[in-house]
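One structure below.
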Amino acid sequence: MHSNALRMEPFYQLSRSGGALAQHSITLNYLDNVSALVLVFALRNKHWVVLCSSLLYVAASMVLPILASSAILITLPGDCSVNVTDRSHGIPSLVVHPTIARFLEAIICFTGLALIFFILMLRKRKKVLHADPGSLASLAALFSGHPLLEVLRGIDPTASSTVLGEKLRHGRCRLAAVQSDALIQTTDLSLTMNHSAVSKRPVAVEPFVSKPSCISVDAPKHCDPKLQRQFLFQKLGIALFALFLTGLVVLILWYLTHGEDTGFERLMDSESTGVKAMMASFGVLIKLYWLRIEQVAQTFEPYLKLSKGNAQPCRSILVTTSYNTFERFVQSLKRRDSYVSTVAFSAILADVLIILLPAVPYKPTTTHKAFLVSTCMSLVILFVMIFTIVWVFFRSKMMTLPRSPTTIASTLSYICASRFIDDFGGMRGMNGKELHDAVESLGKTYTFGWMAGVDGLHRWAVDEDEEVDA
183 MHSNALRMEP
193 FYQLSRSGGA
203 LAQHSITLNY
213 LDNVSALVLV
223 FALRNKHWVV
233 LCSSLLYVAA
243 SMVLPILASS
253 AILITLPGDC
263 SVNVTDRSHG
273 IPSLVVHPTI
283 ARFLEAIICF
293 TGLALIFFIL
303 MLRKRKKVLH
313 ADPGSLASLA
323 ALFSGHPLLE
333 VLRGIDPTAS
343 STVLGEKLRH
353 GRCRLAAVQS
363 DALIQTTDLS
373 LTMNHSAVSK
383 RPVAVEPFVS
393 KPSCISVDAP
403 KHCDPKLQRQ
413 FLFQKLGIAL
423 FALFLTGLVV
433 LILWYLTHGE
443 DTGFERLMDS
453 ESTGVKAMMA
463 SFGVLIKLYW
473 LRIEQVAQTF
483 EPYLKLSKGN
493 AQPCRSILVT
503 TSYNTFERFV
513 QSLKRRDSYV
523 STVAFSAILA
533 DVLIILLPAV
543 PYKPTTTHKA
553 FLVSTCMSLV
563 ILFVMIFTIV
573 WVFFRSKMMT
583 LPRSPTTIAS
593 TLSYICASRF
603 IDDFGGMRGM
613 NGKELHDAVE
623 SLGKTYTFGW
633 MAGVDGLHRW
643 AVDEDEEVDA
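At position 14 of the sequence shown the residue is numbered 196 (our numbering), and the sequence of numbers has no breaks.
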């Protein structure tokens, strides 16, 4: 729900009667930011649905699991040895930590009220899109033949995401409902774009003049330095995350196989709220970082498929960016995408790990069998994650993309001059299934690479695979 709210916010802003500035719509990117930054950006942009959704996400995914694991404990006070005659010793007792419990109640009440407010705000929004705009095909159908494509063609094709955002930030875009000329009248969408500055000085997009020296048939040997740094940091983050998972496995194995009276053993057996909160925090951190890995995998996987050429539409331009983990797992299984399905399956296991890790520290009130089940299941999940993260590390490739395809504008920049986009002009009013069937019926395959567009200018683009379709 939260990810869909972030993804659909730019389209809602475009559908407003007065449209929206490009920086609040087509160049808006909430999904690449951490939750704290999303809260700040949503408050600055006055996007109240995103703000409310982010607060719900932080409360439900980060705060509640940690507090819930520490609020209530079952303890065994006193001495349980057979020599103790006092029957009050060794009787299990339920302990509630008042401060944590009150704070937990407050968070739950806040979450409930925020959820009601969130639902009411969503009910006020009208549905303006027929198909999910999360695929290249749906964006091509939505924006086919519209002025925004001409604007993007006029920008340097090697421009970075930052430069693209600066060029477009003062443009105002709008999605408007018009009537189609079909026999059955359906609501369609058109896009108007003008460039008006929010300041007194007018701002316009400077067109890119294609001089002979600027048009290179050979692909450039470099990409955006910022994107290169992001890729290196991503690889470093994956490596550190793998080390963290390995360290957690070693810690649990040591605790399972060694029973010496050490400081670590006493800490894990102390039955304190801090230990359970620590283990729950580990589970939350693993879940959050795994969601990030999953998002990157599903964003770039269609482009990796396209870069090999002869890509079937169902495995490339029709792949919808879904942010429901279970739905993404099912979809990837249907299209036999082993990589994305494995990453999505590990993300599902990460949810289970949040429950299992706080049960690893042994307590006298827990049976030995329950302790072994929780510990062994945690180890199995961690081993699966380590295998998957190694696969992710070696599969991640530095694609020569001048822009990361995480905004509407940057994604459209790869299809703005493509030959196939005219095929989608009559598909704007189609729902998801109709669009899928229509694209499949074209019988074309697609590719991604350095190629000439309809304007004669070479750029990185997604287009028909001429070598196969010829």
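Cβ atoms here follow ideal geometry from the backbone N, Cα and C, with glycine treated the same way.
If you're wondering where the values come from, they're calculated on a predicted model, not measured in any experiment.
One or two residues paired with residue i in a DSSP bridge
i: His-640; result: Ala-634
i: Thr-677; result: Absent from the model: residue 677. The displayed extent of the chain is 183 to 652, so no value can be given.
i: Ala-204; result: Looking at the DSSP assignment, Ala-204 forms no beta bridge with any residue, so it has no partner.
i: Cys-234; result: BP columns for Cys-234 are empty, so no partner.
i: Leu-473; result: Answer by DSSP bridge pairing: none, since Leu-473 is not bridged.
Simplified DSSP state of residue i, which is helix, strand or coil
i: Thr-549; result: coil
i: Leu-624; result: coil
i: Gly-294; result: helix
i: Cys-355; result: strand
i: Met-612; result: coil
i: Ser-578; result: coil
i: Ile-597; result: coil
i: Thr-281; result: helix
i: Arg-198; result: coil
i: Arg-411; result: helix
i: Ser-342; result: coil
i: Leu-655; result: The first residue shown for the chain is 183 and the last is 652, placing residue 655 beyond what the model contains.
i: Asp-314; result: coil
i: Ser-320; result: helix
i: Leu-249; result: helix
i: Met-303; result: helix
i: Gln-328; result: It should be noted that the sequence gives His, not Gln, for residue 328. Three-state DSSP puts His-328 in coil, outside helix and strand.
i: Leu-583; result: coil
i: His-229; result: coil
i: Thr-557; result: helix
i: Gly-336; result: coil
i: Thr-589; result: coil
i: Tyr-544; result: coil
i: Met-461; result: helix
i: Lys-308; result: coil
Straight-line gap, residue i to residue j (C-alpha atoms, nearest Å)
i: Phe-606; j: Asp-314; result: 15 Å
i: Ser-197; j: Ala-283; result: 43 Å
i: Asp-645; j: Ile-597; result: 7 Å
i: Leu-304; j: Thr-293; result: 16 Å
i: Lys-626; j: Pro-495; result: 8 Å
i: Leu-554; j: Thr-340; result: 56 Å
i: Val-231; j: Cys-558; result: 41 Å
i: Ser-217; j: Ser-236; result: 7 Å
i: Ala-493; j: Pro-484; result: 9 Å
i: Leu-346; j: His-184; result: 27 Å
i: Ser-251; j: Leu-435; result: 22 Å
i: Arg-589; j: Ile-603; result: Here the sequence assigns Thr to residue 589, which means Arg is not the residue at that position. Approximately 18 Å between the Cα atoms of the pair.
i: Tyr-194; j: Gly-316; result: 14 Å
i: Pro-584; j: Ala-288; result: 46 Å
i: Ser-498; j: Tyr-628; result: 8 Å
i: His-550; j: Thr-502; result: 46 Å
i: Thr-636; j: Leu-249; result: According to the sequence as given, residue 636 is Val; it is not Thr. Those two C-alpha atoms are separated by around 57 Å.
i: Lys-177; j: Phe-299; result: The requested residue 177 does not occur in the structure, where the chain is confined to residues 183 to 652.
i: Asp-619; j: Leu-321; result: 16 Å
i: Phe-325; j: Ile-420; result: 36 Å
i: Leu-425; j: Gln-410; result: 23 Å
i: Ile-290; j: Leu-246; result: 8 Å
i: Ser-504; j: Phe-527; result: 14 Å
i: Ala-296; j: Phe-285; result: 16 Å
i: Pro-280; j: Ala-459; result: 16 Å
i: Ser-595; j: Ser-463; result: 40 Å
i: Thr-570; j: Val-522; result: 10 Å
i: Ser-520; j: Ile-568; result: 16 Å
i: Arg-518; j: Gly-491; result: 18 Å
i: Val-525; j: Leu-414; result: 20 Å
i: Arg-226; j: Leu-331; result: 28 Å
Exercise. Touching or not, the stretch 514 to 533 and the stretch 561 to 568, by the rule of three or more beta carbon pairs under 8 Å?
Worked result: yes
Problem set entry | Sequence ranges, alpha helix (DSSP H) only - wholly within the stretch 491 to 525, length at least 4 | 507 to 516
Problem set entry | Contact between the stretch 351 to 358 and the stretch 605 to 623 (3+ Cβ pairs under 8 Å) | no
Problem set entry | Inter-stretch contact at 8 Å, needing at least 3 Cβ pairs: the stretch 535 to 549 / the stretch 463 to 475 | yes
For this session: Could you tell me whether the stretch 509 to 521 touches the stretch 426 to 443, using the rule of 3 or more Cβ pairs below 8 Å?
Result: The stretch 509 to 521 vs the stretch 426 to 443: no contact.
Exercise. What runs of the alpha helix (DSSP H), each 4 residues or longer, lie entirely inside the stretch 427 to 456?
Worked result: 445 to 450
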